[in-house]
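First residue of the sequence shown? That's 121 in this note's numbering, and the numbers climb one at a time after it.
Virtual Cβ for every residue (Gly too), placed ideally from N, Cα, C.
Okay, structure first, notes after.
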Amino acid sequence: MIGFCGLHSIGTMNALSQRRGRRFSLSPAEGERAGVRGPLLANALRGSGKGVMASVFRFTISAALASFLMGAALAKDEPPSKIILDTDIGGDIDDAWALGFVLNYAGFDPVGVTICDGNTPARANIACKLLHVTGHTNIPVAVGRKTRDDFSPQFSWAEDFTALKPIAQPAADFIVEKARKYPGEITLIAIGPLQNVADALRKEPGLGKSLKRAVFMSGCVYHPAGQTNPVPEWNVVAATKDAQLVYGAGLPLTIVPLDSTTLVQLKTDERERVRKRDSPLTSSLECLYRLWLESPDSRMTLHDQLAVAETATPGAFFGQRPVLHIYVDDRGFTRIDEQKGKPVTVCLQPRRDAFMDYYVGVLTH
């Protein structure tokens, strides 16, 4: 997804995006693990300062909670859940960190990654490199239609990478094929604008009957944190016609809207815990984070990771999950209307600390 001021709203500035972040230095060894060499490594943001340490009590509770939830999710003797991640990786930083979540969560069987919105070939290179660096070269990357020639500093991380390439099959065809191959088994996680999902529905109007579930980071039902009115969320308004088709298709849909995601930002000590893991995955995520930084004060809002967490452990991290009838109007707003809308499960009231303990635990285990 691509956010404005770290949020997925249009024409709004949220106070959350002004909270101070921190720069970290990247060692040569960390750079090598992240697949970064030469000038790109030399230009990585560097800084100094003591990390923020949590209390021993909090750290122990956090680790215990993360271990419990991960263990509970895998203790059912069930096979890993088949998922497809549809992402506009390379815009806002949360997409890459959401893909990292997918790759490190043992309860998922990633069938593929599909790339949406903007300069999709450049975005696909980032996904391919992250898969390669982390040893997941068996997961195919399918590219959706290119909608514009945009640029992101994150593109430089993979601009010369050729060791793993996307498949030739277009993203929409890939989604349809896999849904047919595994009827009732696949959860489609969409964390970007909905071009690929809409194109798949145009090819297969009955797609929803083949999916186990669809979980989107999408929409704004009431209002983002710190505001009192709804706003058009980027993943909807960036491709409004496509979003209207998707929301009207009757998918088994759950959304994690701005109402929830804008309440969850990465704290300095949490980022430090991920960085100190010093694995190929966490080193890569840290490198991409620094390329994304718009200013020393930038701090990631975990829009997309919440959608992945809802897929992994449905309902665990939200206080309310009402079923509301939602439709998309011509301005890209997600509206509640019993007559016009289709039933959608809406994840509200995030349990921020429980989620963050779980998420950081997945990345660092």
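- If the five residues before and after Lys298 are omitted, its C-beta is found closer than 7 Å to the C-beta atoms of Ile204, Val231, Gly232, Ile306, all from its own chain and listed in chain order.
- If you check the CB distance, Leu408 and Ile213 come in under 8 Å.
- Looking at the backbone, the Cα of Lys462 and that of Asp398 are separated by about 45 Å.
- The beta carbon of Tyr447 lies closer than 8 Å to those of Gln364, Tyr367, Gly368, Thr454, Arg455, Asp457, Lys460, Gly461, Lys462 in the same chain, with the five residues before and after it left out.
- Where Phe336 is concerned, the enclosing beta strand (DSSP E) starts and stops at 333 to 337.
- Pro463: member of the beta strand (DSSP E) spanning 462 to 466, first to last residue.
- Remark: C-beta atoms of Val428 and Leu444 do not approach each other more closely than 8 Å.
- Of all alpha-carbon atoms in Ala359, Leu405, Pro416, Asp473, the one lying nearest the alpha-carbon of Arg265 is that of Ala359.
- Looking at the backbone, the Cα of His485 and that of Arg395 are separated by about 12 Å.
- For Ala310, the three-state secondary structure derived from DSSP is strand.
- The C-alpha of Ala345 lies about 6 Å from the C-alpha of Leu383.
- Rounded to whole angstroms, Asp362 and Val376 show a C-alpha spacing of 18 Å.
- Bounds of any beta strand (DSSP E) do not take in Pro434, whose DSSP letter is neither H nor E.
- Distance from Arg471 to Phe437 at the Cβ level is roughly 5 Å; contact confirmed, criterion being Cβ atoms closer than 8 Å.
- Look at Ile213 here: in three-state DSSP terms it is coil, with no helix or strand label.
- Membership of Thr381 in the alpha helix (DSSP H) is indicated by the continuous run 378 to 381.
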